[in-house]
Structures are given as structure tokens and as C-alpha cells.
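Counting with this note's numbering, you get residues 1 to 156 for the letters of the sequence shown.
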Amino acid sequence: MNAIEAIVQNLSEVRRRSMIIWESIPHEVLDWRPDSEAMSIKEMIRHVLDSEHYYHLALLNEGSLTAYESPYESRTFTTIKEEINFSETYRNEFIHTVKSYTQEDLTRINIDRKDVGYIRSLGDMLMRIAYHEAVHSGQLLDYLRIAGIKRPKVWD
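Below, the structure is given as C-alpha cells:
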């Protein structure tokens, strides 16, 4: 397995486990949040999906975007299934882009996000994208625990 294959495997595993969590969440608790400052469950799911799309565009741009029109912003969140279905095209395009990179690209290409405090190699950035989703998956598991909702098994 080369580095690109390992990164794609990691992105796929993180998403697979996120989906296990997301699909276990009862519809009636999508607006639940642990406090007034926190994202709701549905806001967090949308944040993960929208952020991945933004990150994909930032990778293509090799840096932060000066303007971003979210395809999610004008959409009403109806169900988790609908949100996942809507995001599928964006996800496939993202994974296709990742697979198009070469081993050398991982260190040769820099992603300039100095506007938010960093410039990172492509390889580092791809790992950060997976980590971002993984962190939010952990947060959702904690949300479910706090709300007294059964948590799915993600460690298979």
C-alpha cells in the first residue's frame, strides 16, 4: 500500500465510522445540543460534510478560498439519509482528487492557509481533513452519551 492508498483508506474508514454514528441517531434528537453555545447534532453533521467540500476546493486552490458559496447553506436539513445522499457527489469528487495525487505531490504541494494560521504540505493537509471528521465523530458520541441515547459500536 502506498501513501495515497493509505490516506484514501483512512478517509474511508473515518467516514464509514461517522456513518455508523450518524445513521444511529434518532430523527427526533437532531436539534439536540449540550448547551446553547454548541452545534446541534444536525449542525455538526452538516459542518463535517460542508467542511470536506470546502477543504476539497482549498486543495484544488492550494490554499484558502477568498470566497466560498456553500452548496449546503440554502438547503433545509431534512433527514440524515438525505444529507448523506446530497453529499455523495461532493465526496466522490473529493476522493477522486485525492486518488489523482502522486506520492511526490504529498510533499511537493503546499496548502497555504496562513489566513487561519498555517501552511501545510498536501499530505499533512489530507491527514488533517480526516482528523477533523474524526474529532467531530467523537464529539457526537459524547453528545449521545450526555443525551442518554444508545451509542453505536464503531470499534469493529
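Cβ coordinates follow ideal geometry from the N, Cα and C atoms, glycine included.
- A direct Cα-Cα distance of roughly 35 Å separates residue 152 from residue 117.
- Between residue 11 and residue 130, the alpha-carbon positions lie close to 5 Å from each other.
- When C-alpha distances from residue 65 are compared across 128, 115, 122 and 106, the shortest belongs to 115.
- If you draw a straight line from the Cα of residue 134 to the Cα of residue 44, it comes to about 12 Å.
- Assigned with DSSP and collapsed to three states, residue 25 falls in coil, not helix or strand.
- Counting other Cβ atoms within 10 Å of its Cβ, residue 1 stays below 16 and is therefore classed as exposed.
- Around the beta-carbon of residue 138, fewer than 16 other beta-carbon atoms lie within 10 Å, marking it exposed.
- The Cβ-Cβ distance between residue 122 and residue 105 falls below 8 Å.
- Under DSSP, the beta-bridge partners assigned to residue 63 are 112.
- Here residue 118 carries a strand assignment [DSSP, helix/strand/coil].
- Apart from sequence neighbours up to five positions away, the residues of its chain that approach residue 120 with a beta-carbon distance below 8 Å are 110, 111, 113 and 128, ordered along the chain.
- Put simply, of 84, 6 and 59 the residue whose alpha carbon is nearest the alpha carbon of residue 46 is 84.
- Within the same chain, 45 and 80 come within 6 Å of residue 22 by CB-CB distance, once the 5 residues on both sides are set aside.
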